[in-house]
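Numbering (UniProt numbering), first residue to last: 1 to 89.
Yeah, the Cβ is synthetic: ideal placement off N, Cα and C, and Gly gets one too.
These numbers come from a predicted model, not from an experiment.
All remarks here apply to the structure that follows.
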């Protein structure tokens, strides 16, 4: 899985449209192998981003959990700590 795609489920406040779209763009970039599609592929790229974003919205709206909501700041601190261990300080 692409490291730039972040968990969006079970946060307070819930993931917003910007986060969902950013994840969709990262997914489509990874699958297509293109960060900047050519003019000939722009329409297909944009349509794929919209389809993935919509599927993500449906998924997030459908998921249920009994776990307490996560805090973005706490999760970001954990990610920084993992990066420090992985790459050194």
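Contacting residues, own chain, Cβ-Cβ under 6 Å from residue 37 (five flanking each side not counted): Taking the chain shown and counting its residues from 1, the one referred to as residue 37 is at position 37. Cβ neighbours of residue 37 beyond the five flanking positions: 45.
C-alpha distance - residue 28 paired with residue 9, whole-angstrom precision: Taking the first residue of the chain shown as 1, we reach residue 28 at position 28. Taking the first residue of the chain shown as 1, we reach residue 9 at position 9. One C-alpha to the other measures close to 19 Å.
Cross-strand partners of residue 70 (DSSP beta bridge): Looking up residue 70 in the chain shown gives position 70. The partner list for residue 70 (beta bridge, DSSP) reads 11.
Contiguous beta strand (DSSP E) assignments of at least 3 residues, all confined to the segment 7–65: none
Three-state secondary structure assigned by DSSP to residue 89: Indexing the chain shown from 1 puts residue 89 at position 89. Residue 89 falls in the coil class under three-state DSSP.
Same chain, Cβ closer than 7 Å to residue 52, five either side skipped, listed in chain order: Walking along the chain shown from the start, residue 52 turns up at place 52. So the qualifying residues of the chain are 24, 27 and 28.
Neighbourhood of residue 15 by C-beta distance below 7 Å, restricted to the same chain and skipping five residues each side: Position 15 of the chain shown, counted from the start, is the residue given in the question as residue 15. Here the set comprises 8 and 60.
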